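Visitor: First, the structure itself, so that you have it in front of you.
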Amino acid sequence: MAAKRYDCDIVVVGGGPGGSMAAKYCAEGGLKTIMIEKDAEIGAPLRCAEGVSKKWLTEVGIEPDPAWICADMVGAIIKSPSGHKFQLDESQAGAEVGYVLERHLFDKHLAAMAAEAGADIMLRTGCTGVIKDGNNKLIGVRAKSMGEPIEIYAKCVVAADGFESQVARWAGMDTGIKLSDIVTCLQYRMTGIDIDAEYCEFVVGSPAPGGYVWIFPKGDNIANVGLGVQGTKCKLGADPKYYLDKFIAEDPRLNKGQVLEIVGGMVSTCPGMDDATADNLVLVGDAARIIDPITGGGICHACRTGMYAGKVLTECAKKNDFSKKALKPYEKMWRDRMEDKLYRNFMAKERLAQLDDKTIDELVLLIQDSDIGEVNVYNLLKVIKEKFPQVVEGFEDLI
Amino acid sequence: MKVNYDKCLHCGGCAGSCPQNAIYLNDYILEFNERCNLCGRCIKICPVGALSKEVS
Chain A
13 MAAKRYDCDI VVVGGGPGGS MAAKYCAEGG LKTIMIEKDA EIGAPLRCAE GVSKKWLTEV
73 GIEPDPAWIC ADMVGAIIKS PSGHKFQLDE SQAGAEVGYV LERHLFDKHL AAMAAEAGAD
133 IMLRTGCTGV IKDGNNKLIG VRAKSMGEPI EIYAKCVVAA DGFESQVARW AGMDTGIKLS
193 DIVTCLQYRM TGIDIDAEYC EFVVGSPAPG GYVWIFPKGD NIANVGLGVQ GTKCKLGADP
253 KYYLDKFIAE DPRLNKGQVL EIVGGMVSTC PGMDDATADN LVLVGDAARI IDPITGGGIC
313 HACRTGMYAG KVLTECAKKN DFSKKALKPY EKMWRDRMED KLYRNFMAKE RLAQLDDKTI
373 DELVLLIQDS DIGEVNVYNL LKVIKEKFPQ VVEGFEDLI
Chain B
7 MKVNYDKCLH CGGCAGSCPQ NAIYLNDYIL EFNERCNLCG RCIKICPVGA LSKEVS
């Protein structure tokens, strides 16, 4: 049977936040846009800890809505392995703390924004490859839609396929990452636990080698409890499960709780790809490895890059030129906005992942005693730079 | 490669990490293509230990 054919200006592969924002801004620009999503539901299954900061939402045109904000945090707690605590409250917590989302509702809200702008959405439609013409030019994607093979022809493809990042690879780009730039994660949504519902908690050091433990509250006795382990520090097989079960068993606040959901996933912790575009192809969010290498936070980066992609593609359409050269403004926009910070946090991640528990204890004590003002990765590194210059050696000029 | 589907969470992490781009998550099934050189990275980092080398 011949594959059913669709024609459009832009095909967006992936219905996460990056895909929806790209689709919204393309459709708003008057482009015929199709967004495909392999799952049967936007926003599910969950692959996320759901914590986000607040400030960027309006930057990308999203009005905070209680419909998808599960909990509003008043602060954050950073814990060292031996239990030293650094507590920050909202006035200081700044950009690094904010909301815990209901991702299945948040993602639907964004997809609805894309739909309202005029984008078509196709669920249960997984991309299976790309289509190239006789001159090796990318002209669309192949997919399986409700079991039927289809072909979607487009002037440009937006790869918003997340960590898997396969569309770019099918198109001939190398999105491969080093083992040291992979953090493998497991999370339980737990109930019946005794936590402070207004604080996000982060535990660093040996409880989660090369990563951290997070406890993000989603109500009075319910939270996303998870952790990530750096790829190079995986030794046992199923390391994230081992460390998470161990952490929960040893924490009296958690060990009487029950698990409502198990979530697996991985994040990249490199500073973004050298090229996030090719002829007739734009990569956004996790697919472009654009994600904060320290926090693993990807939603704001996906939304920003999705928005930039949509705006630039709208301009490209005016000249009907979607070449890599014509897409250059996209590279410039995301790099101007985020690249320095991504690189700085990448360097910091490389160093922090090497520290032993004793040094991490000292760092947390040092931060406890410092008046650092608004707490963000930048200010924390500034304090660390004074007492532990070796930690920031090689990227001091970014601090 | 052998997949224990009683453990696999279909997270796609192995597909995104594969240095050979040899893994495709087709709905709930992991497909390994001929580029797989048994490097073992996916076995090492699968969060729940769902992957192993086929013993023949």
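As you go down the protein sequences, you meet chains A and B in turn. Position in the first sequence (first residue = 1) + 12 = our numbering. Position in the second sequence (first residue = 1) + 6 = our numbering. Every residue, glycine too, gets a C-beta built ideally from N, C-alpha and C. The structure presented is a predicted model; accordingly, all values stated were derived computationally and were not measured.
Once the 5 residues before and after residue 245(A) are set aside, which same chain residues still bring their CB inside 7 Å of it?
Guide: 221, 222
Visitor: Residue 31(B) versus chain A: which residues are under 8 Å apart at the beta carbon?
Guide: Within 8 Å Cβ-Cβ: 176.
Visitor: Evaluate residue 50(B) with the Cβ neighbour count: other Cβ atoms within 10 Å of its Cβ, from every protein chain shown; 16 or more gives buried, anything less gives exposed.
Guide: So residue 50(B) ends up on the buried side.
Visitor: What are the complete beta strand (DSSP E) segments, minimum 3 residues, inside the segment 356 to 380 of chain A?
Guide: none
Visitor: Per the DSSP calculation, residue 113(A) is bridged to which residue(s)?
Guide: 81(A)
Visitor: Using the C-alpha atoms, what's the distance from residue 249(A) back to residue 10(B)?
Guide: Looking at the two C-alpha atoms, the distance is approximately 13 Å.
Visitor: For residue 252(A), go through chain B and note every residue whose CB falls closer than 8 Å to its CB, in chain order.
Guide: 53, 54
Visitor: DSSP three-state label for residue 60(B), please.
Guide: Under the three-state reduction of DSSP, residue 60(B) is assigned to coil, being neither helix nor strand.
Visitor: Going by beta-carbon coordinates alone, are residue 31(A) and residue 24(A) separated by less than 8 Å?
Guide: yes
Visitor: Determine the extent of the alpha helix (DSSP H) in which residue 64(A) is found, giving its start and end residues.
Guide: Looking at the DSSP string, residue 64(A) is not in any alpha helix (DSSP H); the run it does join, the beta strand (DSSP E), is 63 to 65.
Visitor: Is it true that the CB of residue 30(B) sits closer than 8 Å to the CB of residue 21(B)?
Guide: yes
Visitor: Taking contact to mean 3 or more Cβ pairs, one atom from each stretch, closer than 8 Å, check whether the segment 33 to 40 of chain A and the segment 50 to 66 of chain A are in contact.
Guide: no
Visitor: Anything in chain A within Cβ reach of residue 59(B), meaning under 8 Å, just list it in chain order.
Guide: Under the 8 Å cutoff, chain A gives no residues; its nearest Cβ is about 12 Å from residue 59(B).
Visitor: Alpha carbon to alpha carbon, how far is residue 207(A) from residue 225(A)? Give it in angstroms, no decimals.
Guide: 14 Å
Visitor: Could you tell me the alpha carbon to alpha carbon distance between residue 332(A) and residue 43(A), rounded to whole angstroms?
Guide: 11 Å
Visitor: Going by the beta-carbon positions, is the gap between residue 88(A) and residue 111(A) smaller than 8 Å?
Guide: no
Visitor: Comparing C-alpha positions only, which one of 390(A), 52(A), 357(A), 375(A) sits nearest to residue 193(A)?
Guide: 357(A)
Visitor: For a quick check, are the C-beta atoms of residue 300(A) and residue 319(A) less than 8 Å apart?
Guide: no
Visitor: What are the start and end residues of the alpha helix (DSSP H) that includes residue 140(A)?
Guide: Careful: residue 140(A) lies outside any alpha helix (DSSP H), inside the beta strand (DSSP E) at 137 to 144.
Visitor: Give the interface partners of residue 274(A) over in chain B, defined as CB-CB distance under 9 Å, in chain order.
Guide: 15, 54
Visitor: Who are the neighbours of residue 21(B) on chain A, taking C-beta pairs under 7 Å?
Guide: Within 7 Å Cβ-Cβ: 176, 178.
Visitor: Using CA atoms only, rank isn't needed, just tell me which of 232(A), 34(A), 266(A), 405(A) is closest to residue 326(A).
Guide: 34(A)
Visitor: Rounding to the nearest angstrom, what Cα-Cα distance links residue 197(A) and residue 330(A) in this structure?
Guide: 43 Å
Visitor: I'd like to know if residue 50(B) contacts chain A, where contact means its C-beta is closer than 8 Å to some C-beta of that chain.
Guide: yes
Visitor: In terms of DSSP beta bridges, what is residue 178(A) paired with?
Guide: The partner list for residue 178(A) (beta bridge, DSSP) is empty, contrary to what the question assumes.
Visitor: How would you label residue 199(A), buried or exposed, when you count the other beta carbons within 10 angstroms and need 16 or more for buried?
Guide: buried
Visitor: Which residues in the same chain have their Cβ closer than 6 Å to the Cβ of residue 302(A), if we skip the five residues on either side of it in sequence?
Guide: 284, 313, 317, listed in sequence order.
Visitor: Tell me, please, whether the CB atom of residue 39(B) is closer than 8 Å to any CB atom in chain A?
Guide: Not an interface residue.
Visitor: So, with DSSP's three-state summary, where would you put residue 326(A)?
Guide: Correct three-state label for residue 326(A): helix.
Visitor: Within its chain, find whatever has a CB closer than 8 Å to the CB of residue 45(B); leave out the 5 residues flanking it on each side and keep chain order.
Guide: 25, 26
Visitor: Does DSSP put residue 382(A) in a helix, in a strand, or in coil?
Guide: coil
Visitor: Are residue 260(A) and residue 275(A) closer than 8 Å when you measure CB to CB?
Guide: At the C-beta level, residue 260(A) and residue 275(A) stay beyond 8 Å of one another.
Visitor: Would you mind telling me which residues of chain A sit closer than 7 Å to residue 18(B), beta carbon to beta carbon, in chain order?
Guide: 175, 176
Visitor: Starting from the Cα of residue 353(A), find the closest Cα among 369(A), 367(A), 390(A), 341(A) and give me that residue.
Guide: Ranking the options by Cα distance to residue 353(A), first place goes to 390(A).
Visitor: Rounded to the nearest angstrom, how far is the Cβ of residue 342(A) from that of residue 321(A), given a contact under 8 Å?
Guide: About 6 Å separates the beta carbons of residue 342(A) and residue 321(A), which is inside the 8 Å limit, making them a contact pair.
Visitor: Flag residue 150(A) as yes if its beta-carbon sits less than 8 Å from any beta-carbon of chain B, otherwise no.
Guide: no
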